[in-house]
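One structure below.
Residue numbers (our numbering): 1 to 224.
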């Protein structure tokens, strides 16, 4: 839902053309507690995106030798997109597009210039930029300055105050798009995993193919 809200906002108020969305599951080496394997996470993402005509799964990040920083992942995808755009329509270009399954199929028609990859996130990630030692300043400079953020916030939060209190974010505030989620949804991945562990129903919170996959694979301590 957040991705649809973000696309609507960018195209309606920011004069952007959204040519596609990319979901890039994090590498297993990220080390987060209870993180399922990249194989399972990619399979579930692929099932969840079956009904989407504009969001694609990219497995590049989770196929690297180790965990990649966010700015590296964003730069890779942006460079690949713009490389395809500048290539002549040759068999090599078509082969390259086929190899990069996450590239939007009608990108060439929609893109009127260089493509910019932005990071879609919640207000909690925006505020994490202020946590000492969590993000390198040069990474924040690259992510916000060269790419940009689309921040989904809820009514009552105040991301503008946090931006004002951060010198780096204030410097690039024109690259930060704040989108208020007026139709709030308190569902989170943590709550869904908790419900699954407790054998509670998550129907309508996840699409049925993903629910079936979770139970068949016995993920999150579930049983088929």
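Backbone N, C-alpha and C define an ideal beta-carbon position, used for all residues, glycine too.
- Between residue 147 and residue 173, the CB-CB gap reaches or exceeds 8 Å.
- In the displayed model, residue 145 falls within a helix according to three-state DSSP.
- Our two residues, residue 123 and residue 150, have alpha carbons roughly 10 Å apart in a direct line.
- In the three-state reduction of the DSSP assignment, residue 33 falls in the coil class.
- For the pair residue 130 and residue 189, the CB atoms are not nearer than the 8 Å cut-off.
- If you draw a straight line from the Cα of residue 31 to the Cα of residue 121, it is about 20 Å long.
- According to the DSSP secondary-structure assignment, residue 62 is paired through a beta bridge with no residue.
- Excluding five sequence positions before and after residue 24, the CB atoms of its chain that fall closer than 6 Å to its own CB belong to 58, 61, 73, given in chain order.
- For the 8 Å CB-CB criterion, residue 144 and residue 175 form a contact.
- Distances from the alpha-carbon of residue 86 to those of 153, 187, 109, 216 put 109 closest.
- Secondary structure at residue 183: coil, using DSSP grouped into helix, strand and coil.
- For residue 56, the uninterrupted beta strand (DSSP E) segment begins and ends at 55 to 57.
- With a beta-carbon spacing of about 41 Å, residue 211 and residue 168 fall beyond the 8 Å limit used to define contacts.
- Scanning 118, 158, 133, 152 for the CA closest to the CA of residue 17 turns up 118.
- In the same chain as residue 178, and ignoring 5 residues on each side of it, the C-beta atoms closer than 8 Å to its own belong to 151, 153, 159, 160, in chain order.
- As a beta-bridge residue in DSSP terms, residue 154 pairs with 181.
- Its Cα nearest to that of residue 28, the residue 38 stands out among 21, 38, 20.
- The alpha-carbon of residue 106 is positioned some 22 Å away from that of residue 2.
- Counting other Cβ atoms within 10 Å of its Cβ, residue 80 reaches 16 or more and is therefore classed as buried.
- Residue 42 sits in a helix when the DSSP states are folded into three classes.
- In chain order, 23, 25, 57 place their CB closer than 7 Å to the CB of residue 45, counting only its own chain and leaving out the 5 sequence neighbours on each side.
- Residue 69 holds the alpha-carbon nearest to the alpha-carbon of residue 136 among 51, 69, 52, 202.
- For residue 6 and residue 198, the gap between their C-alpha atoms comes out near 33 Å.
- Judged by DSSP secondary structure, residue 5 falls outside any beta strand (DSSP E) and instead within the alpha helix (DSSP H) spanning 2 to 13.
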